[in-house]
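Add 10 to a position in the sequence shown, counting from 1, and you land on the number used in the working numbering. Shown next, in structure tokens, is the structure this report addresses.
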Amino acid sequence: MTKEEKMMYLAAEAFMLVIWPESQIYMDEEWFQEEAILALGIENSVGCAAYFIPLKRIIDFDIDGN
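So, in structure tokens, the structure goes:
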């Protein structure tokens, strides 16, 4: 597996912690309810509306601009 292939695999499987208010922009996406994971247990550090969001969704969102 090439380095580029490894990076693509990791990006497809990775999650990124996104805190509010940035997390709000993803909440209306149709995939959000099934794929985003509420960051429970760390609310004191990150707030009550922080989510682990698949990195591939963040990349797609930034590229597509939607």
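Positions of the beta carbon are idealized from the N, C-alpha and C atoms, including for glycine. Just so it is clear, the structure is predicted and the values come from calculations on it, not from any experiment.
Run of the beta strand (DSSP E) containing residue i, from where it starts to where it stops
{"i": "M26", "result": "25-28"}
{"i": "P31", "result": "Element bounds for P31: n/a, residue is neither H nor E."}
Residue i (DSSP reduced to helix, strand or coil)
{"i": "L50", "result": "coil"}
Whole-angstrom distance between residue j and residue i, CA atom to CA atom
{"i": "E44", "j": "I63", "result": "10 Å"}
{"i": "S55", "j": "V28", "result": "12 Å"}
{"i": "Y36", "j": "M11", "result": "32 Å"}
Residue i classed as buried or exposed, judged by whether at least 16 other C-beta atoms fall within 10 angstroms
{"i": "A21", "result": "exposed"}
{"i": "S33", "result": "buried"}
{"i": "Y61", "result": "buried"}
Residue i, enclosing alpha helix (DSSP H) - first and last residue
{"i": "E40", "result": "Per DSSP, E40 belongs to no alpha helix (DSSP H) and is neither H nor E."}
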